[in-house]
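In the UniProt record's numbering, the protein residues as written are 1 to 235.
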């Protein structure tokens, strides 16, 4: 069993269970036997490209969400156009403080295929309980990340509720650093209303302590700038 087949199988199983589908139901949708479907999920046999697309369609997800991307910190020619913060990354982390229940919200963003110059497919797994299995998240968003000279912009749509759209702006991504600040603006479902939240982005998981919470909370300086400009901003 290869590492790639095992990881893809794990993702198929996760999305199948999240859709409350049985092995038999998924197997029937892609015209395969239950035994074959079980082997796919266990990583015992590799999956051809056509079947992979059939699985994605049956699970109502994008095919990239089933693919396994090995972590790489090396630059490659197709990544050279990326700003320094994103160079060599195929995923990164995001954190914000949720004042509704006083919790830390951690997310993982996977960068996938290039759409056009400086623009890439991206998936955001929001509110992950376990970063080792971050696909098991409260919400999943699909969209694009686009890089400009001054900042990078991410446009997202909720995978299950297209009404929930969001935009993220990450400051000065052309400068290399382990962490960057950005702003999330979108829709809250608890309660339903437009929101804006400051968000910390990191190349690696960060230490989750009181200092991180302090940085993520709205500060007196944040309030001062809001009163001065009459809008919420991060620097």
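Just so you know, even glycine gets a beta-carbon here, dropped at the ideal spot from N, CA and C.
Would the beta-carbon of residue i fall within 7 Å of that of residue j?
i: residue 56; j: residue 49; result: no
i: residue 199; j: residue 94; result: yes
i: residue 134; j: residue 156; result: no
i: residue 225; j: residue 233; result: yes
i: residue 96; j: residue 213; result: no
i: residue 145; j: residue 120; result: yes
i: residue 37; j: residue 52; result: no
i: residue 118; j: residue 147; result: yes
i: residue 66; j: residue 13; result: no
Under three-state DSSP, which class holds residue i?
i: residue 140; result: strand
i: residue 108; result: strand
i: residue 89; result: coil
i: residue 157; result: strand
i: residue 146; result: strand
Report all residues from its chain with a CB closer than 8 Å to the CB of residue i; omit the five preceding and five following residues, and keep chain order.
i: residue 47; result: 5, 8, 40, 55
i: residue 19; result: 59, 60
Taking its Cβ as the centre, do 16 or more other Cβ atoms sit within 10 Å of residue i, making it buried, or is it exposed?
i: residue 139; result: buried
i: residue 205; result: exposed
i: residue 45; result: exposed
i: residue 289; result: Outside the displayed span of the chain (1 to 235) sits residue 289, for which this structure offers no information.
i: residue 217; result: exposed
i: residue 17; result: exposed
i: residue 43; result: buried
i: residue 175; result: exposed
i: residue 188; result: exposed
Whose C-beta lies closer than 7 Å to the C-beta of residue i among residues of the same chain, with five residues either side of it excluded?
i: residue 143; result: 122, 154, 155, 156, 157
i: residue 182; result: 168, 169, 170, 171, 199, 201, 234
i: residue 208; result: 104
i: residue 115; result: 121, 144
Under 6 Å from any heavy atom of the ligand FMN, does the C-beta of residue i make it?
i: residue 110; result: In terms of ligand content, the structure shown is empty, and the ligand FMN therefore cannot be addressed.
In chain order, what residues of the same chain lie with their CB nearer than 6 Å to the CB of residue i, ignoring the 5 residues before and after it?
i: residue 185; result: 167, 196
At a Cβ threshold of 7 Å, is residue i touching chain B?
i: residue 107; result: No chain B appears in the structure shown, which is made up of a single protein chain.
Checklist entry - Is the stretch 189-197 touching the stretch 167-174, taking contact as three or more C-beta pairs under 8 Å? => result Too few Cβ pairs lie closer than 8 Å, so no.
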